[in-house]
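Counting in numbering that gives the first Met the number 0, the sequence shown runs from 0 upward without gaps.
Have a look at the structure below before the remarks.
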Amino acid sequence: MRLSYLLCLISLNALSAASVAQKITLNKKNASLKETLNDIRHQSGYNIFYDVDLINHAKQISINVKNVSLEEALNKCFLEQPFSYKIDKQTILVTPKVTMAPIQQVSITGVIRDEDNQPLFGATVKLKNSQIFTASTKDGKYKIVVPDQNAILVFSMIGFDTQELPIAGKTTINVTLKPKKTDLNEVVVIGYGTVKRTDLTGSVAEVNMKDFNKASVKSYDEALAGRVAGVSVSGNDGQPGGVNNIVIRGYGSITQDNSPLYVVDGFPLEDGMNNSINPTDIESISVLKDASSTAIYGARGANGVIIITTKKGKAGMPVLGFDAYYGVQNVVKKMDLLSPYEFVKYQLELNPTIAPQTYLTQGKTLDSYKDVKGINLQDLIYQTAPVQNYSISLRGGNDKTRYAISGNIFDQRGLVINSGFKRYQGRMNLDQTISKKLKASVNVNYSNSKSYGVSPSEPTSNVSYSNNLFYAVWGYRPVTGRDNDDVLLDNLIDPSLEGNLFADYRVNPVISAKNEVLNAITDNLIANGVLVYSITPDLSLRISGGVTRNARKTESFFNSMTSRGSIYNTFGVNGSIYTAVSNSWLNENTLNYKKSFKGGHNLTALGGYTMQALQSGRYGFSATSVPNEALGLDGLDQSALLSAVSLSSRWGLASFLGRVNYDYKSKYLLTASIRADGSSKFAPGHRWGTFPSASIAWNMNKEELFAKMNFISEAKLRISYGLTGNNRIADFGYLSQITLGVLPGYSYNNGATSTGSQLNSMGNPDLKWETTAQTNIGYDLGLFKNRVMLTADVYRKTTKDLLLMANLPFTMGIGSAFKNVGKVQNEGLEFTLTTVNVSTKDFNWKTSFNIGFNRNKVLELTENQEEILSPVLFDFSYNSLFAYTAQKGQPVAQMRGYLWDGVYQYSDFDQPTPGNYVLKSTVTTNGTARANVKPGDIKYKDLNGDLVVNASDITTIGKGVPLHTGGFVNDFTYKNFDLNIFFQWSYGNDLLNANRLVFEGNGKNTISLNQFANWADRWQPDNPSNNLFRTGGQGPFAYSSRIIEDGSYLRLKTVTLGYKIGDASAKKLAIKSLRVFASAQNLLTWTNYSGPDPEVSIRNSALTLGFDYSAYPRPRMLTFGLNLVL
């Protein structure tokens, strides 16, 4: 017989003499005992436990009492009933009247816990095939008296698997209950509330937190990659403290931010505070993907919503937790470079006049370098880097107060010397029951973090690719030729370049990196308070208010021993200090109504008003030619050349929102929502936008037809449609902006010089909301008691009135301005499959697989515009070449350039005289004058047939958006051991490997610049290769398909092996639980990409995906740790 209990937690006040004497009024005629007890529960505020199956067979009650004590009312209710009751504090336990059998009674005691060794309150202990039962107390303890020591006890609790254990003569039986593998009543966090999973009508994905917590990561975004279908997580590179880019269901905006909205404990944030939240503090992560789920956030829901809920306190004894790990990181791949022999051979080809004077002196020949080891600065710039993480938490409480306090220290050294990331973080969550009708909660999170060290690929560098770290590391010459090689390692400037420094500016990157000061210090605070008042049992008012503060200070100082501060640098010793501060506040007020009606009708309604505002500012200065470098940052004020910045901005948002959820017996479900947002970012008259949505669902398995199909445990069809918005533009994007006091000024009529003003940006008073319409059809299928679960979704998402940075006519004097033009479409399929492959007492094996397909297409652009071209700022020679395009009818982030056609061979030339090669008139040029093309030069395809390669032959050569992404998890447990294996992949995207422009051909013919090892196989007269051109044969500066590579990869992302000590050992150690583990990350990667790492995009925007140049490598990490509960 199924046993279930009703636990009503209406009042959590401590019991007092007055509450015991609380008066009860009842007037019932032929009423059920269940109905009568429910009235007593409402009037008294007491918790009531009873066996539902038994109480349904109780005698009907006729009772009429007024203002009587609780005990008197209960006595009359149980008169002539086969039940008795017991009052324990605020709990009324209803039990059958038991006739004592003439046999010896046996008393059994024990403790009931969950898998985390936490006590379970309200678990049921029942003697099998009898009416004898009891319930566990707040500390998980129970006591039951049974008549047979050979009987069987049944332990059960809602949300957990039932266990049957034989008494077998024991007097103490401790039990650990395991959560149900798939519970249809599981609560899922959605916007402004929660809902049972079986009642979901939209597309909402829950992250498996058990798998999530097995990854040793600094922030939740690092562990999110590959775990949710349709969610793309990509980082610029592996820089410590770097933040990943998260995109849900494709790129809807072309020039604006595509990041989702983050909601942390109810506080909406456009910045996910990734580095400010300790992953071990997170209780759940919900990803809202379709419009039905996100429209309740209206203005900012177009890019999806990620809801993060942190751990709360639980009633019971205080639980002290300690989690820690320590590990080491190593570089996964070092680039192979030319050996000393190959390098010198190349230099002799490149510069036959000067190179012999450097490398063939003192009797040396080319063969002298065959056995020379040489210098490889990768061995000096990289380090084996430690990483350590320590978290401590205290959680507990009672019926009135529940608390959770935690702290975290994270310290990660970087793979590159003098780089890393540190974080100090603390959190407090407090929940308080003030009265039967009023509850309050407070959440506070503070973090202080510091990223430091060199950034290998400068995000704003547009001068020369030589400004980047790995240009100097990979390009550093392996031998000196005439000097001791140690001279290179001991000097900042290559001594062979004296007198020619500006023609070939080369420095020792190891010395430079050790002396650079680059710090980014961030203080982050988020505090949120909530009051919930129960107006009636069905209606409640929720008022919340919160604040955030983000203060980021960036410091830089380059002394004379750095590449940017040496005596050969125009700015000399220089530095800067800037501070950016943003403060925001939020107020939300919602009414919530929930009512169940006769006949199986259930209604939930939400209505509210919210306000949010943010004010930001940036202040600081930079200094050049600093006279006293010994003072470091403290000496910047001594510079006579200071450049100051001071600016501020603000925005505000006001919203009205409403939602209705209706279901009939949880079989037919309907959700409708609407939100109206007013944003200060738009001009008056265009500030308000309205975003409605609707969705329906049908739980087919509750139909009679499916009732006979026992193997189908869940079958639900979901359909949704809705509108969401986007307002992520500059705070005053509708206004033109002017800079005053522009120097050097102008003298009118030979008078005093007057400074001028300059138009910086063109405003648009007609600017309005960007709107996304999305249709979603989903199906949830569960088989064999949900041991196999499949979720499938198909969607179409169309974004119109794009907030596009559109091109303006040259006559305007401003290149671009915000306009509402263009349309982008994303269509996709998502599949998630979870299976319980094996489930026995000792061994369990579970699998989770997800995959997301997305097709992105640009439907419209600005009037008469067919494409948007985008350069990549990494070198002045390439800045005007427009490496990327977004074309109508095509996806965003397509790479453009020439189609590589190999290398010119001797057969492409006429030879009028020996050694004189003239390109045949039927063979196309490569952009170089025909007379200058030589055998071994690079060759491109002539697409228009005019025998000249020029801008007309530029075409699409690659795509930055993958065809599909996904993840695959296998989770094993054997007795006390657990093993988790996680694979992640991306397929169908290309990478633009700009490293090859420099180190596979030396595009600028820079002397003494080393190359990748494969350059040894370049075209030479005795090696007419068709893959690599000759020395000096690179042709004009150009992007081509030669450097476009398949960026697909399959990565063994995480492997974690753990062991949890048994209960007996834990008891001896006076602890509740202890788990030790070893974890490896980025263990193996299968890819065809020739660069250091295929998971790279250093200019990560919707237009410029997959660009790789001098990226910080991702480490392979091995950690050892423990999870301790006291």
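Just so it is clear, CB atoms sit at the ideal spot from N, CA and C, and this is done for glycine as well.
Drop a sphere of 10 angstroms on the beta-carbon of ASN1204, count the other beta-carbons inside from all chains shown, and report buried for 16 or more, exposed for fewer.
No answer is possible for residue 1204: the residues shown for the chain start at 0 and end at 1125.
Cβ-Cβ separation, THR771 to ARG795 (assumed contact under 8 angstroms), whole Å
The sequence position of residue 795 within the sequence shown is 796, counting from 1. The sequence position of residue 771 within the sequence shown is 772, counting from 1. ARG795 to THR771, Cβ: 11 angstroms. No contact.
Nearest candidate by alpha-carbon position, reference TYR1038, set ASN925, VAL206, THR161 and ASN988:
Mapped onto the sequence shown, residue 1038 falls at position 1039. Taking only the C-alpha atoms, the option nearest TYR1038 is ASN925.
By Cβ distance, which residues of its chain are closer than 6 angstroms to ASN461, with the 5 residues on each side in sequence left out?
In the sequence shown, counting from the first residue as 1, residue 461 sits at position 462. Note that ASN461 scores a pLDDT of 48, beneath 50, so its modelled location is shaky; the value from the coordinates is reported in the next line. Here the set comprises LEU872 and ASN878.
Check PRO267 in the structure and name its three-state DSSP category.
The residue you call residue 267 lines up with position 268 of the sequence shown. Strand at PRO267.
Are the CB atoms of ILE60 and SER43 nearer to each other than 8 angstroms?
Within the sequence shown, numbered from 1, the residue matching residue 60 stands at position 61. Within the sequence shown, numbered from 1, the residue matching residue 43 stands at position 44. Their beta carbons are not under 8 angstroms apart, which means ILE60 does not touch SER43 by this criterion.
THR1005 and TYR1048 closer than 8 angstroms at C-beta:
Reading the sequence shown from its first residue, position 1006 is the one you call residue 1005. Reading the sequence shown from its first residue, position 1049 is the one you call residue 1048. No, these two residues do not count as a Cβ contact at 8 angstroms.
Could you please give the first and the last residue of the uninterrupted beta strand (DSSP E) stretch that includes ARG401?
The residue labelled residue 401 in the question sits at position 402 within the sequence shown. 400-412 is the span of the beta strand (DSSP E), which, as asked, contains ARG401.
CB-CB under 8 angstroms to SER1022, same chain, minus the five flanking residues each way: which ones, in chain order?
Working through the sequence shown from its first residue, we reach residue 1022 at position 1023. Per the sequence shown, the amino acid found at residue 1022 is Asn instead of Ser. Here the set comprises ASP1016.
Quick one: what does DSSP say TYR368 is sitting in, helix, strand or coil?
Numbered from its first residue, the sequence shown carries residue 368 at position 369. DSSP places TYR368 in helix when its eight states are reduced to three.
Kindly give me the distance between the Cβ atoms of SER583 and VAL529, rounded to whole angstroms, as I take these residues to be in contact under 8 angstroms.
Start at 1 with the first residue of the sequence shown, and residue 583 comes out as number 584. Start at 1 with the first residue of the sequence shown, and residue 529 comes out as number 530. Actually they do not touch by this definition, with Cβ atoms about 17 angstroms apart.
Other residues of its chain near THR561: CB distance less than 7 angstroms, five sequence neighbours each side excluded:
For the purposes of this step, residue 561 is identified with residue 562 of the sequence shown, where counting begins at 1. Same-chain partners within the cutoff: SER511, ASN514 and GLU515.
If you draw a straight line from the alpha carbon of TYR389 to that of THR1103, how long is it in whole angstroms?
For this step, residue 389 is matched to residue 390 along the sequence shown. For this step, residue 1103 is matched to residue 1104 along the sequence shown. Computed Cα separation, rounded: 37 angstroms.
Check whether LYS421 and SER446 have beta carbons under 8 angstroms apart
By one-based count along the sequence shown, residue 421 stands at place 422. By one-based count along the sequence shown, residue 446 stands at place 447. No.
Any idea which residues DSSP pairs ARG674 with across the strands?
Mapped onto the sequence shown, residue 674 falls at position 675. According to DSSP, which records beta bridges pairwise, ARG674 is partnered with LEU656 and PHE690.
Once DSSP output is grouped into helix, strand and coil, what is the label at MET1116?
Position 1117 of the sequence shown, counted from the first residue, corresponds to residue 1116. Correct three-state label for MET1116: strand.
Nearest-angstrom Cβ-Cβ length linking GLY413 and ALA439, presumed shorter than 8 angstroms
Within the sequence shown, the letter at position 414 stands for residue 413. Within the sequence shown, the letter at position 440 stands for residue 439. Rounded, the Cβ-Cβ distance is 43 angstroms, inconsistent with contact.
In this structure, how does DSSP classify SER1040 when only helix, strand and coil are distinguished?
To locate residue 1040, count along the sequence shown from 1; it is residue 1041. Three-state result, SER1040: helix.
Just to confirm my understanding: we take THR400, look at its own chain, exclude 5 residues before and 5 after, and list those with CB closer than 6 angstroms. What are they?
Taking the first residue of the sequence shown as 1, we reach residue 400 at position 401. Here the set comprises GLN431.
Contact check, ARG617 vs ALA579, beta carbons under 8 angstroms
Indexing the sequence shown from 1 puts residue 617 at position 618. Indexing the sequence shown from 1 puts residue 579 at position 580. Yes; because the gap between Cβ atoms is below 8 angstroms, this pair is in contact.
Please classify LEU1027: is it buried, with 16 or more other beta-carbons within 10 angstroms of its beta-carbon, or exposed?
Sequence index remark: in the sequence shown, residue 1027 carries index 1028 (1-based). Burial call: buried.
Just to confirm, is the Cβ distance from LYS680 to ASN725 under 8 angstroms?
The residue you call residue 680 lines up with position 681 of the sequence shown. The residue you call residue 725 lines up with position 726 of the sequence shown. Contact flag unset, no.
Figure out for me which residue from GLY395, ASN466, GLU999 and GLN893 has the closest Cα to the Cα of TRP1018.
The count along the sequence shown starts at 1 and reaches residue 1018 at position 1019. Checking every option, the nearest Cα to that of TRP1018 belongs to GLU999.
Excluding the 5 residues flanking LEU500 on each side, which residues of the same chain have their C-beta closer than 8 angstroms to its C-beta?
As a position in the sequence shown, residue 500 is number 501, starting the count at 1. Residue placement at LEU500 cannot be trusted, given a pLDDT of 49 that sits under 50; the coordinates are not used to answer.
Between which residues of its own chain and LEU807 is the CB-CB distance below 7 angstroms, once the five residues before and five after are set aside?
Residue mapping note: residue 807 aligns to position 808 of the sequence shown, counting from 1. Correct list, in chain order: MET761, ILE813, GLY814, SER815 and ALA816.
Just list the residues that DSSP pairs ARG895 with in beta bridges.
By one-based count along the sequence shown, residue 895 stands at place 896. ARG895 pairs with THR955.
Going straight from the alpha carbon of VAL386 to that of VAL1075, what length do you get?
The residue given as residue 386 occupies position 387 in the sequence shown. The residue given as residue 1075 occupies position 1076 in the sequence shown. Whole-angstrom Cα-Cα distance: 17 angstroms.
Cα separation between PHE967 and VAL304?
Numbered from its first residue, the sequence shown carries residue 967 at position 968. Numbered from its first residue, the sequence shown carries residue 304 at position 305. Their Cα atoms are separated by approximately 23 angstroms.
Alpha carbon to alpha carbon, what distance is there between ASN785 and ASN836?
Position 837 of the sequence shown, counting from 1, holds the residue named residue 836. Position 786 of the sequence shown, counting from 1, holds the residue named residue 785. Approximately 11 angstroms, taken between the alpha carbons.
Taking PRO385 as part of the beta strand (DSSP E), name the residues at either end of that continuous run.
The sequence position of residue 385 within the sequence shown is 386, counting from 1. Per DSSP, PRO385 belongs to the beta strand (DSSP E) from 384-396.
In the DSSP assignment, the alpha helix (DSSP H) including ILE380 goes from what residue to what residue?
On the sequence shown, residue 380 is found 381 positions in, with the first residue counted as 1. From DSSP, the alpha helix (DSSP H) with ILE380 extends over 377-380.
Can you have a look at PRO101 and say buried or exposed, based on whether 16 or more other CB atoms are within 10 angstroms of its CB?
For the purposes of this step, residue 101 is taken as the residue at position 102 of the sequence shown. Low per-residue confidence applies at PRO101: pLDDT is 48, beneath 50, and the placement is therefore not dependable enough to give any value.
Write down every uninterrupted run of the beta strand (DSSP E) in the stretch 418-493 whose length is 3 residues or greater and which is fully enclosed by it, in chain order.
419-432 and 437-451
What is the C-beta distance between LYS767 and LYS799, in whole angstroms, given that I count them as a contact (C-beta under 8 angstroms)?
Counting from 1 along the sequence shown, the entry for residue 767 is found at position 768. Counting from 1 along the sequence shown, the entry for residue 799 is found at position 800. That belief does not hold up - the Cβ atoms of LYS767 and LYS799 are roughly 11 angstroms apart, past 8 angstroms.
Go to GLN356, then tell me how far its alpha helix (DSSP H) extends in each direction, as first and last residue.
On the sequence shown, residue 356 is found 357 positions in, with the first residue counted as 1. That run of the alpha helix (DSSP H) goes 354-358.
Helix, strand or coil: how does DSSP classify LYS344 here?
Sequence index remark: in the sequence shown, residue 344 carries index 345 (1-based). If DSSP states are grouped into helix, strand and coil, LYS344 belongs with the helices.
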